[in-house]
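The listed protein sequences derive, respectively, from chains F, R and P. Going by my numbering, the first sequence opens with residue 13, and the numbers climb by one from there. Going by my numbering, the second sequence opens with residue 86, and the numbers climb by one from there. Going by my numbering, the third sequence opens with residue 974, and the numbers climb by one from there. We put the CB at the ideal spot given by N, CA and C, even for glycine. Single-structure report; data block below.
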Amino acid sequence: MIEAVGLTKSYGKTLAVDNLSFSVPTGRVTGFLGPNGAGKSTTMRMILGLDTPTGGSALIDGKRYRDLHQPLRTVGALLDAKWVHPNRSARAHLQWLARSNKLPAKRVDEVLEIVGLTAVANKRAGGFSLGMSQRLGIAAALLGDPQVLLFDEPVNGLDPEGILWIRKFMHRLAEEGRTVFVSSHLLSEMALTAQELVVIGRGKLISQSSTEDFVAQATENTVRVRGPRLTDLRAALAQAGVSTRDEGENLVVSGMDCADIGELAARTQTVLHELSPQRGSLEEAFMQLTGDSVEYHTEIADGPTPATLVPAGK
Amino acid sequence: MTTLLATERIKLFTTRSPWWSAFLALGLTIGFAALVGLNHSGGPLLVEHSQFGTQFGLMVVSVMAALAITTEYRFATIRATFQAVPKRTSVLVAKTAVVAILAAVIGEVAAFGSWLTAYAIDGGPEMAITTGADWRMVAGVGLVFAVTAVIAVAVGTLVRQSAGAISILLIWPLLVENLVVLIPGVGANIHDWMPFTVASRFLNGAEPIAPMGPWASLAYFTGVAAVLLVAALAVANKRDA
Amino acid sequence: MTLLAVERIKLFTTRSPWWCTLIALALTVGFGALMAGTADATEPLNIAATQFGYGFGLVVVMVMATLAITTEYRFSTIRATFLAVPNRPSTLVAKATVVAIMAAIIGELAAFGSWGIASVIKPDIDLTINTAYEWRAVAGVGLVYALSAVVAVAVGVLVRHSAGAIAVLLIWNQLVEPLVQLIPKVGDDIHKWMPFNIANKLITGDPDPTARNVLQGPPPSDAVLGPWPAIGVFAAFAAVLLGIAIVVANRRDA
Ligand SMILES: Nc1ncnc2c1ncn2[C@@H]1O[C@H](COP(=O)(O)OP(=O)(O)OP(=O)(O)O)[C@@H](O)[C@H]1O
Ligand SMILES: [Mg+2]
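Here's what the structure looks like:
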């Protein structure tokens, strides 16, 4: 269980993380979602005690990271696969880490085996491809057989095979009852990997919910209506308590399906040129949500205001 | 602490820079002693002649020690380090200790190696290490190297950049300390308290007008290193990794 | 010409050259002020003595010149550079030229700045630059800085690591050259032909080093050449080093 309470970090004038509170439940994969520069990495560094919060705190099983005894046995993390001395071999890198937390030397070979780096264990890490570096980073995270794992954009730059490998790996870790906290700026990726989602934008919390709920809310369906004269239909829709929005010549209706709108059109004797269901793409929805403003915060929390969603193909 | 020392030892020796530095430091000092021995004439070769190259070794060790910490910042392994062991003070003290011990070993090997080389080339009874001053001049080299390594790690921690740290560590003893003496009036007084000048009095004996004797000089030099290290620890604890 | 512009943009859009310039000027001019301020009747000021900080400026300029190329390797921008202009010799010559010009400007500012501040602090001492020696002692600083910058760029290309290149340059300039004198018999002769000692001849040339008071300027060079042939030799040394660096860079993977 990771718990952030009022976590805040400013770098000079930049407010990277702003009064962020969330919790990461045990035994599940929790996605940490936000666009570039949202403050994901900063938050993770603060959880790991690398950066000191300007305010608030982050606790792991009720303790600050700095107070953990032999922390690698509790928390494993891969924040950046490049945090390795290029002239050190993969094995040497894991050896010193193992030694620092009194982990048995044979554990190094075990984790190398798990991530499939045994064959290149004695090669310089500087010569590794991105995928290999990433595997080395994961090996380091697994070293202490920790219950809590943090990964910062682990699939960044990986090929499809690597992405699949990581995805399966996360699931396996969660099935083993571990707490996995993984960041990404791709909602579509997280929809496949994570069961829970913590979404932030500009350092602030936007939502915390299960992935299912979030996706359902974020991709609320709308219907596009086109016709020469829509005044009566618009009034009728308003009367029915359905929200509408003009988009050029079109009317975008949310909260009512095509059949019902068709009925209503017939009743108001409206000529329709088009009546088509629209499905918002995950990425667009996500961009809308995290894009510019804090207002979305409450909107998502009390159920979405569909007017903020852009229909597909637009 | 032994765990941390072992960790830092693994880290140091699994990169190439300590090997390079040891090799260079020994090559330069002992090579210089050989050059001096071979070309010597007029009067017997003395112990001090064999130690002319000490400063080469000292500067190389200083660079090595600074790199031990600045490369951690350069490759962000300092974050992996603090992630594995969040007690930053302990980590940095362990690193400083390991680097200082290596520096001491390099210093002793360099000093005795130089002495032996010179002795082998053109030795005589005058080359014998007998007095306290002789012992300080040779065996003391390791101590000065170790304390210098502490200074270098501290400066490296404060500056975090190889280029900056090395420039400071080389320009200070080689240029600043020598140039201040030129300031009319106060120059000589300032010079008397410059750390590396003081350290060389421990090795080469203090002139009667010097403010401190040899052992007090070493203590002063060590004090300077300790103050710098404490400052570095305070800063590293406060700063984001 | 385009290449010069490219290299100029690259140099001035990072921070380290500005820092180095600032430090170099502060150290040299500051030292000039210190010397002037503390001079008294027993140790009167002269033109050479205003230039005591020249050695500080030199090492800082060399650090700046080294970083101009080693940071390209550090951040792999050298690859972007060679992609943009595959003609590596021209690129490196352009870089050396821009860095050398920058170094020359720093040198002149440092030298005349030190001299100027001394004149301001001690207005009653006549510090007019008259003789050829005095002109070289002040105006020559820029030339020595420029050529040293070329040496530094060459070493930077060869070594490629900031730490290594800076260590080589500073240890050579500040330690190897003075220490060779300690080698019995041959030491002094070797020292006479050490490159930076030769370059120094331009600045501290004429006066007989044995007769000169220490406080009359930076330590005099004992090079056997006259000031101008000496700087010619140093220029040739810099050119040869740069040539080697270019050959190596051409053959090596970027
Ligand atoms: N050390 C630092 N100094 C100054 N500003 C910083 C620092 N680290 C992060 N920031 C700023 O804080 C904000 C959040 O950065 P952070 O790296 O945490 O975002 P992120 O969500 O991880 O983004 P990405 O998806 O691109 O990795 C950014 O505006 C960034 O510029
Ligand atoms: Mg990030």
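By alpha-carbon positions, which one of the options ends up nearest to residue i?
i                       : options                           : result
residue 82 of chain F   : F:114, F:204, F:124 and F:37      : F:114
residue 1208 of chain P : P:1149, P:1110 and P:1069         : P:1069
residue 302 of chain R  : R:322, R:279 and R:318            : R:279
residue 143 of chain F  : F:129, F:281, F:156 and F:259     : F:129
residue 961 of chain P  : P:1067, P:1221 and P:985          : Residue numbering for chain P in the displayed model covers 974 to 1227; residue 961 of chain P lies beyond these limits and cannot be assessed.
residue 1177 of chain P : P:980, P:1109, P:999 and P:1226   : P:1109
residue 290 of chain F  : F:276, F:283, F:269 and F:281     : F:269
residue 194 of chain F  : F:148, F:89 and F:151             : F:89
residue 1028 of chain P : P:1074, P:1221, P:1083 and P:1136 : P:1083
residue 134 of chain R  : R:151, R:219, R:91 and R:237      : R:219
residue 199 of chain F  : F:52, F:180, F:122 and F:223      : F:223
residue 1121 of chain P : P:995, P:1173 and P:998           : P:1173
residue 326 of chain R  : R:206, R:147 and R:157            : R:157
With the cut-off set at 7 angstroms, would you say residue i and residue j are in Cβ contact?
i                       : j                       : result
residue 4 of chain F    : residue 169 of chain R  : Past the boundaries of the shown model lies residue 4 of chain F; chain F is included only from 13 to 326, so the question cannot be answered.
residue 314 of chain R  : residue 235 of chain R  : yes
residue 145 of chain R  : residue 110 of chain R  : yes
residue 275 of chain R  : residue 1032 of chain P : no
residue 198 of chain R  : residue 115 of chain R  : yes
residue 1158 of chain P : residue 1196 of chain P : no
residue 964 of chain P  : residue 1123 of chain P : A question about residue 964 of chain P goes unanswered here, because the residues of chain P that appear run from 974 up to 1227.
residue 171 of chain R  : residue 23 of chain F   : no
residue 189 of chain R  : residue 227 of chain R  : yes
residue 95 of chain F   : residue 164 of chain R  : yes
residue 37 of chain F   : residue 87 of chain F   : no
residue 1240 of chain P : residue 1006 of chain P : In the structure displayed, chain P extends from 974 to 1227; residue 1240 of chain P sits before or after that span and is not available.
residue 250 of chain R  : residue 241 of chain R  : yes
residue 165 of chain F  : residue 141 of chain F  : no
residue 196 of chain R  : residue 229 of chain R  : no
residue 72 of chain F   : residue 17 of chain F   : no
residue 203 of chain R  : residue 122 of chain R  : yes
residue 327 of chain F  : residue 100 of chain R  : The requested residue 327 of chain F is not part of the displayed model; chain F covers only 13 to 326.
residue 254 of chain R  : residue 147 of chain R  : yes
residue 1135 of chain P : residue 987 of chain P  : no
Taking the continuous beta strand (DSSP E) assigned at residue i, which residues delimit it?
i                       : result
residue 289 of chain F  : 286-290
residue 216 of chain F  : 216-222
residue 235 of chain F  : 234-238
residue 213 of chain F  : 208-213
residue 18 of chain F   : 14-23
residue 1100 of chain P : Looking at the DSSP string, residue 1100 of chain P is not in any beta strand (DSSP E), and its letter there is neither H nor E.
residue 1170 of chain P : First-last for residue 1170 of chain P: 1168-1177, but that is the alpha helix (DSSP H), not the beta strand (DSSP E).
residue 1194 of chain P : Segment: none, residue 1194 of chain P is in no beta strand (DSSP E) and carries neither H nor E.
residue 264 of chain F  : 262-266
residue 126 of chain R  : From DSSP, residue 126 of chain R is part of no beta strand (DSSP E); its letter is neither H nor E.
residue 192 of chain F  : 191-196
residue 258 of chain F  : 255-259
Along the chain, where does the alpha helix (DSSP H) that runs through residue i open and close?
i                       : result
residue 172 of chain R  : Here residue 172 of chain R belongs to no alpha helix (DSSP H), and DSSP marks it neither H nor E.
residue 184 of chain F  : 172-187
residue 286 of chain R  : 280-289
residue 1162 of chain P : 1160-1165
residue 1223 of chain P : 1200-1224
residue 98 of chain R   : 87-98
residue 244 of chain F  : 243-251
residue 1011 of chain P : 989-1011
residue 153 of chain R  : 139-159
residue 1061 of chain P : 1061-1094
residue 1020 of chain P : Where residue 1020 of chain P is concerned, there is no enclosing alpha helix (DSSP H), given that its DSSP letter is neither H nor E.
Which bits of chain A does residue i rub up against, with CB to CB less than 8 angstroms?
i                       : result
residue 1040 of chain P : The chain labelled as chain A is not found among the protein chains of the depicted structure, namely F, R and P.
Regarding residue i and ligand 3, is the C-beta to nearest heavy atom distance less than 6 angstroms?
i                      : result
residue 118 of chain F : This structure lacks ligand 3; its bound ligands are ligand 1 and ligand 2.
Legend entry - Minimum length 3: unbroken beta strand (DSSP E) runs contained in the region 31-111 of chain F: 41-45, 67-72 and 87-90
Inset, instruction - Would you be able to state if there are at least three C-beta pairs under 8 angstroms between the region 1205-1219 of chain P and the region 1125-1139 of chain P? - result: yes
Legend entry - Cβ pair count under 8 angstroms reaching 3, the region 175-184 of chain R against the region 253-268 of chain R: no
Legend entry - alpha helix (DSSP H) runs wholly inside the region 210-275 of chain R, at least 4 long, in chain order: 217-244, 247-256 and 262-265
Inset, instruction - May I have a chain-ordered list of the alpha helix (DSSP H) segments no shorter than 4 residues that lie completely inside the region 126-174 of chain F? - result: 142-154
Legend entry - At least three beta-carbon pairs within less than 8 angstroms, the region 36-51 of chain F to the region 237-246 of chain F: no
Inset, instruction - Say whether the region 62-70 of chain F touches the region 215-229 of chain F, bearing in mind that this needs 3 or more beta-carbon pairs closer than 8 angstroms, one atom from each stretch. - result: no
Legend entry - At least three beta-carbon pairs within less than 8 angstroms, the region 1140-1157 of chain P to the region 1053-1064 of chain P: no
Legend entry - Inter-stretch contact (C-beta, 8 angstroms, three-pair minimum) for the region 25-32 of chain F and the region 211-224 of chain F: yes
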